[in-house]
Every structure is written in structure tokens, then in C-alpha cells.
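Participant: Residue numbers (the working numbering): 122 to 351.
Heads up, the beta-carbon is just placed ideally off N, CA and C, and yes, glycines get one too.
It should be emphasised that the depicted structure is a prediction, and the values quoted were computed from it without experimental measurement.
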């Protein structure tokens with residue numbers, strides 16, 4: 122009887138609600154590492170990009186506190202925000218970007234040096250989710266400081282099963298396209314069960330307004346000092 126019930130159970134990787142565990146690498150680990158590193162060229166004042174990043178149509182950038190959470194949603198907006206960063210010049214050094222054969226396929230530790238902050242170092246850890254076409258669908262960032270990271274010291278690349286990354290909890294990111302449907306029942310169910318998913322879904326409904334609200338309601342000097350460990 123049990124095997125009959127298991128045989129009738131729906132495949133969680135079928136349909137538009139598949140999560141990251143359903144993804145299979147379609148590119149080499151070198152591809153994922155190179156694209157993850159190139160992402161930081163969009164923020165490095167020394168680099169003149171010759172081509173746009175391969176973002177998916179619904180690419181997301183999520184930056185955990187003390188940063189501003191959802192800071193881009195959608196390819197056009199992501200590119201526009203990248204372009205606007207020339208007004209906030211920085212260099213991005215000490216990059217260690219690696220490719221993995223399980224999602225997130227790209228993971229990096231980097232250090233930002235911002236002109237506006239007297240060139241003081243700001244260490245960051247970021248992860249990159251890719252779809253079957255090799256497009257970046259999700260970027261997730263943490264301060265690379267104790268107490269902020271999603272992993273323990275014995276697991277420097279967050280290779281363990283559950284590190285609390287939001288990408289693993291978003292339905293749709295494990296589909297071939299990595300598309301996210303904010304109106305789907307799967308998203309509603311995930312949001313009802315997970316406060317972080319609910320927070321993302323609420324912000325994604327009007328990400329620009331949510332971002333501006335975060336900017337207006339955060340002490341920017343304190344945010345930078347805390348997030349960079351100054």
C-alpha cells in the first residue's frame with residue numbers, strides 16, 4: 122500500500138513550483154565561477170564592460186540586513202541599477218569566485234572599496250543561482266562577517282544542506298527557466314509558511330517603492346558601519 126501511495130505522489134520537481142534542489146547543472150563549474158566574478162565588474166569603476174550580464178527576465182538581487190533586502194527585480198531594472206552604480210564609484214578586489222555542481226552554482230567572497238567611504242574595505246559573500254540557459258536568476262548577498270553569514274566556519278562555501286539561504290525557499294527557481302510567479306499558489310503557500318518568503322513577495326510586488334522605503338528608514342552611516350565591520 123505504501124509503495125502505491127508513493128507512486129501516486131506528485132513530483133515536486135514538476136510544474137512551475139520546483140525549488141533549487143530540482144536544478145541540474147547545464148554549464149561547467151568554470152562557467153559559473155567566471156560569470157559570478159564578472160558580475161562584480163558591473164560595480165568596479167576600473168572595468169569597462171563590453172557586454173551585458175546574462176540576467177534572466179526576472180532576475181532578483183536580495184541583500185540581507187543590514188543592507189536593503191530587495192534591491193532589483195527584473196532584467197531591465199537590474200541593468201539600470203548596475204549602470205547607476207557608476208555614481209557610487211568602487212573597486213572590487215580580493216575576489217574568490219567558485220563554481221559548484223549544485224545550486225547555488227556560483228559563490229564568491231569579495232571585498233569592496235568605496236571612494237565615498239575613504240576606500241575602507243567592505244567584505245561580502247554572494248551566491249548566484251543560474252537557470253538551464255546559463256542565465257543568472259537570483260543574486261543573494263551577506264556581509265562577510267561573523268553573525269551575518271549563512272554558514273558556519275567549518276563550511277566556508279555553504280555546502281551544507283540547509284543554510285537558510287532565501288533562494289532555496291523560493292518556488293520556481295528550480296525550473297528550467299528559473300521564473301518566479303508571485304501570483305502562484307505555490308508562492309502563496311510558501312509565504313504563508315515562511316516569513317522571509319512573505320517579506321520577499323510583498324517587496325517584489327513593488328520593489329522600487331520597497332527599496333526607497335528602506336533607504337528612507339535606515340541610518341545610512343550606521344548601515345555601512347555595521348555591514349562592513351567598521
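(1) DSSP three-state label for residue 226, please.
(2) Starting from residue 179, follow the beta strand (DSSP E) in both directions and report where the run begins and ends.
(3) What did DSSP end up calling residue 218 once you bin it into helix, strand or coil?
(4) Tell me whether residue 209 sits in a helix, a strand or coil according to DSSP, three-state version.
(5) Would you mind working out which of 299, 346, 206 sits nearest residue 179, comparing C-alpha positions?
(6) Go to residue 161, then tell me how far its beta strand (DSSP E) extends in each direction, as first and last residue.
(7) The beta strand (DSSP E) with residue 243 in it runs from where to where?
(8) Could you check if residue 209 is buried or exposed, using at least 16 other CB atoms within 10 Å of its CB as the buried criterion?
(9) I want to know whether the segment 164 to 178 touches the segment 189 to 200 - three or more CB-CB distances under 8 Å.
(10) Exposed or buried, what is residue 149 when buried is set at 16 or more other beta-carbons lying within 10 Å of its beta-carbon?
(11) Classify residue 142: buried if its beta carbon has 16 or more other beta carbons within 10 angstroms, exposed otherwise.
(12) Using only the alpha-carbon positions, how far apart do residue 161 and residue 215 sit?
(13) With DSSP collapsed to three states, give me the class of residue 261.
Facilitator: From the atom records:
(1) Sequence index remark: in the chain shown, residue 226 carries index 105 (1-based). Correct three-state label for residue 226: coil.
(2) Taking the chain shown and counting its residues from 1, the one referred to as residue 179 is at position 58. First-last of the beta strand (DSSP E) with residue 179: 176 to 184.
(3) Residue 218 sits at position 97 when you count from the first residue of the chain shown. Residue state, collapsed to three classes: strand.
(4) Taking the first residue of the chain shown as 1, we reach residue 209 at position 88. Coil.
(5) Numbered from its first residue, the chain shown carries residue 179 at position 58. Measuring from the Cα of residue 179, the nearest candidate turns out to be 299.
(6) Position 40 of the chain shown, counting from 1, holds the residue named residue 161. No beta strand (DSSP E) contains residue 161, which DSSP labels as neither H nor E.
(7) Numbered from 1 along the chain shown, position 122 holds the residue referred to as residue 243. First-last of the beta strand (DSSP E) with residue 243: 242 to 251.
(8) Indexing the chain shown from 1 puts residue 209 at position 88. So residue 209 ends up on the exposed side.
(9) yes
(10) On the chain shown, residue 149 is found 28 positions in, with the first residue counted as 1. The residue in question, residue 149, is exposed, as its Cβ has fewer than 16 Cβ neighbours within 10 Å.
(11) Numbered from its first residue, the chain shown carries residue 142 at position 21. Residue 142 should be labelled exposed.
(12) Position 40 of the chain shown, counted from the start, is the residue given in the question as residue 161. Position 94 of the chain shown, counted from the start, is the residue given in the question as residue 215. Their backbone Cα atoms lie some 11 Å apart in a straight line.
(13) Working through the chain shown from its first residue, we reach residue 261 at position 140. DSSP places residue 261 in strand when its eight states are reduced to three.
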